[in-house]
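So the structure is just underneath, and the comments pick up after that.
Residue numbers (the numbering used here): 2 to 240.
Structure below.
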């Protein structure tokens, strides 16, 4: 009789395990304290948060007012000015025929019909519009910045400077809890779930330290501070 109604012993589908991030509380605390102290010398951290909000608003206006395929080149140039790893390499795509290729890639990335696709697939599809070489690794950052700016809550910051598994560099490595971090390679995927888990853990850290408003914006500020400290230690290295 059991076979007529299905096997009750069949387990329900299980979601894939989420990445586990072992982050250092002391490193995060030090970065947060120096972030706040440094911002206080320049008008307060709220001004920096407002700057991030302005950047997001500019991206939304550029891509949502009219069809993305009709975005003026000058508008795109103004967006690139706020993306360090993009503005240094985007030059060939600011004139034809590169500009047409760029517009096609952006239009597909933000097309509402593709929103149901996994985020990692959308990023990969965007990158596939460009040569797959070291000189074009920045296009991943561009796609990540555009999605993040369009919907801050839905898309965490997914730039390579936050985590780049291939290079074993980024914010995650700098805040990892391991005294031997300089001699190990982290086996952490650089996909959507990793960035989402990072944002969740940093949000919890910030809340525990008294941040209750604009938490997601503070997460980005904290990440930027950690990476800025890394750049400084490397003598001005940029992705």
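Ideal Cβ positions, reconstructed from N, Cα and C, are used throughout, including at glycine. Keep in mind the model is a prediction, meaning the values are calculated, not measured.
To which residues of the same chain is residue 148 closer than 6 Å at the C-beta, ignoring the five residues directly before and after it?
-> 156
For residue 233, count neighbouring Cβ atoms within 10 angstroms of its own Cβ and tell me buried if that reaches 16, exposed if not.
-> exposed
Expressed to the nearest angstrom, what Euclidean distance is found between the alpha-carbon atoms of residue 23 and residue 96?
-> 44 Å
Can you tell me whether DSSP reads residue 165 as helix, strand or coil?
-> strand
Taking the continuous alpha helix (DSSP H) assigned at residue 195, which residues delimit it?
-> 193–209
Per-residue burial, residue 213 [other beta carbons within 10 Å of its own, 16 or more giving buried] = exposed
Are the segment 138–154 and the segment 100–119 touching by the rule of at least three beta carbon pairs closer than 8 Å?
-> yes
Contacting residues, own chain, Cβ-Cβ under 8 Å from residue 189 (five flanking each side not counted) = 20, 22, 164, 166, 173 and 195
Endpoints, the alpha helix (DSSP H) within which residue 48 is located = 46–65
Would a C-beta distance cut-off of 8 Å place residue 46 and residue 40 closer than the cut-off?
-> yes
How about residue 76: is its C-beta nearer than 8 Å to some C-beta of chain C?
-> No chain C is part of this structure, which consists of one protein chain only.
Residue 223 (DSSP reduced to helix, strand or coil) = helix
Ignore the nearest five residues each way along the sequence and tell me which others in residue 80's own chain have a CB closer than 7 Å to its CB.
-> 59, 60 and 63
Would you call residue 170 buried or exposed, if buried means 16 or more other Cβ atoms sit within 10 Å of its Cβ?
-> buried
Near residue 127, which residues of its chain fall below 6 Å by C-beta distance, leaving aside the five closest residues on each side in sequence?
-> 106, 110 and 144
In chain order, what residues of the same chain lie with their CB nearer than 7 Å to the CB of residue 33, ignoring the 5 residues before and after it?
-> 210 and 223
Which residues DSSP lists as bridging residue 177, in chain order = 24
Over the uninterrupted alpha helix (DSSP H) stretch that includes residue 141, give me the two end residues.
-> 139–151
Give the DSSP-derived three-state secondary structure of residue 30 in the structure shown.
-> helix
Run of the alpha helix (DSSP H) containing residue 77, from where it starts to where it stops = 74–81
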